[in-house]
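**Q** One structure, as structure tokens, below. Some questions next.
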Amino acid sequence: SERLKEKVKSAVRYPLFVMGFAAVVMFVMVFFLIPQFASMFNDFHAELPLLTRMVVGFSNFCVKYVAWCFAGIFALGAVFVYLRRYRKFQYILDFMMLKMPIIGKNIIHKSLLAAYCRTLGFMLSAGVNLKTSLEITSQVVSHLIMSRAVDNISRRVVAGASLSEEMRKQKIFTGLSAKMTSVGERTGQLSDMLERTSRYYEDELEVTLNNLTAMLEPALIIFVGANVLVVVLALYLPIFHLSTAIR
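So in the numbering used here, the last one in the sequence shown is 510, and the numbering has no gaps at all.
Right under this line is the structure:
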């Protein structure tokens, strides 16, 4: 579990660093660089290009309402922390996390399936009965949708239902995980099949993280470069126009 967390952390560390650096660069340009150029443009008393007017207007808005922006962010953060104490709100958050493009299905979903199979397989291989193993797995998986699905499975299994059949009824489980569980039930090697399924999803998750990181790195560099290019063009276009007019 810790190894899987470290993989996720290492995959997002570089993108977070680039985004943080981009935020610092934009903060310096918006609050310090652009206002200096704006005061110089005002002395020219000339009509500015549209791009320059947009960038200067955005900078003026940020400088004027920066206190309100920070207050709003702080208020939203406080409301978010307060609402997370309610189980229904946490359930909505977990549902939205699963529906996130790319990240939800390819990272969060696979990590949940790996955690479920790994925990349940480990408990069964240690000699714990299926009912208790499902109850512990439900508590270990820190995701309300997955925990609720495991609880539903646990109640049905106690009543005599098949584990694989009940997994098929829960949307969060994939067909592969249910089929592997069915093979384990038929061969009497359920714990071994669950551990193999866990390794499969962990390998899939590692490949996904590597591919995502490889795509994110150039995309983030292009994003930062595009923002800097827009600001530079907006600041230097009036200077080019003025130099042309003087000539």
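Beta carbons: idealized from backbone N, C-alpha and C, even for Gly. Everything numeric in this text was worked out from a predicted model, so none of it was measured.
Consult DSSP for G438 and reduce its assignment to one of helix, strand or coil.
**A** Taking the sequence shown and counting its residues from 1, the one referred to as residue 438 is at position 175. It is helical.
**Q** Measure the alpha-carbon distance for N392 versus V421 and round it to whole angstroms.
**A** Reading the sequence shown from its first residue, position 129 is the one you call residue 392. Reading the sequence shown from its first residue, position 158 is the one you call residue 421. Roughly 11 Å separates the two Cα atoms.
**Q** Do E469 and K327 have their C-beta atoms within less than 7 Å of each other?
**A** The residue you call residue 469 lines up with position 206 of the sequence shown. The residue you call residue 327 lines up with position 64 of the sequence shown. Taking 7 Å as the Cβ cut-off, E469 and K327 do not qualify as a contacting pair.
**Q** Quick one: grab the DSSP three-state call for V391.
**A** Taking the first residue of the sequence shown as 1, we reach residue 391 at position 128. Of the three classes helix, strand and coil, the one that applies to V391 here is coil, per DSSP.
**Q** Under 6 Å Cβ to Cβ from M443, same chain only, skipping five residues before and after it: list those, please.
**A** Within the sequence shown, numbered from 1, the residue matching residue 443 stands at position 180. Within the same chain, M443 has close Cβ partners M456, T460.
**Q** Should A377 and E458 be called a contact, given that it needs their Cβ atoms to be closer than 7 Å?
**A** The residue labelled residue 377 in the question sits at position 114 within the sequence shown. The residue labelled residue 458 in the question sits at position 195 within the sequence shown. No, these two residues do not count as a Cβ contact at 7 Å.
**Q** For my contact list, I408 and D357 are in at a C-beta cut-off of 8 Å; report their separation, rounded to the angstrom.
**A** As a first step, residue 408 must be located in the sequence shown, where it is residue number 145. As a first step, residue 357 must be located in the sequence shown, where it is residue number 94. Yes, I408 and D357 are in contact; Cβ-Cβ is about 5 Å, under 8 Å.
**Q** On a CA-only basis, which of T437, L426, V319 is nearest F295? Give me that one, please.
**A** Position 32 of the sequence shown, counting from 1, holds the residue named residue 295. Residue V319 is the option with its Cα nearest to F295.
**Q** Can you name the start and end residues of the alpha helix (DSSP H) that I416 belongs to?
**A** Taking the first residue of the sequence shown as 1, we reach residue 416 at position 153. I416 -> alpha helix (DSSP H) spans 407-421.
**Q** Between S410 and S401, is the Cβ-Cβ spacing less than 7 Å?
**A** Taking the first residue of the sequence shown as 1, we reach residue 410 at position 147. Taking the first residue of the sequence shown as 1, we reach residue 401 at position 138. It is a contact, given that the beta carbons lie within the stated cut-off.
**Q** Count the CB pairs spanning the region 412-426 and the region 341-351 that are closer than 8 Å, and state whether there are at least three.
**A** With a cut-off of 8 Å, the region 341-351 and the region 412-426 do not count as touching, because too few Cβ pairs lie within range.
**Q** Mind checking which residues open and close the alpha helix (DSSP H) that includes A341?
**A** Reading the sequence shown from its first residue, position 78 is the one you call residue 341. Run containing A341: 329-346, per the alpha helix (DSSP H) assignment.
**Q** Check L311 in the structure and name its three-state DSSP category.
**A** Along the sequence shown, one-based indexing puts residue 311 at 48. Reduced to three states, the DSSP call for L311 is coil.
**Q** How close, in whole Å, do the beta carbons of G367 and L361 come, if the pair is a contact with beta carbons under 8 Å?
**A** As a working note, residue 367 is residue 104 in the sequence shown. As a working note, residue 361 is residue 98 in the sequence shown. That belief holds up - the Cβ atoms of G367 and L361 are roughly 5 Å apart, short of 8 Å.
**Q** Can you list, in chain order, the residues of its chain whose CB lies under 6 Å from that of G447, leaving out five sequence neighbours each side?
**A** In the sequence shown, counting from the first residue as 1, residue 447 sits at position 184. Once the five neighbours on either side are set aside, the close Cβ partners of G447 are L453, M456.
**Q** Would you mind sorting M430 into buried or exposed? The rule is 16 or more other CB atoms within 10 Å of its CB.
**A** By 1-based counting over the sequence shown, the position of residue 430 is 167. It is buried - the Cβ of M430 has at least 16 other Cβ atoms within 10 Å.
**Q** Which residues in the same chain as L496 place their Cβ atom closer than 7 Å to its Cβ, once the five residues preceding and following it in sequence are excluded?
**A** Position 233 of the sequence shown, counted from the start, is the residue given in the question as residue 496. Answer for L496: L314, listed in chain order.
**Q** Measure the alpha-carbon distance for L383 versus A489 and round it to whole angstroms.
**A** Taking the sequence shown and counting its residues from 1, the one referred to as residue 383 is at position 120. Taking the sequence shown and counting its residues from 1, the one referred to as residue 489 is at position 226. L383 and A489: Cα-Cα distance of roughly 48 Å.
**Q** Reducing DSSP to helix, strand and coil, say where Y349 ends up.
**A** For the purposes of this step, residue 349 is identified with residue 86 of the sequence shown, where counting begins at 1. Of the three classes helix, strand and coil, the one that applies to Y349 here is coil, per DSSP.
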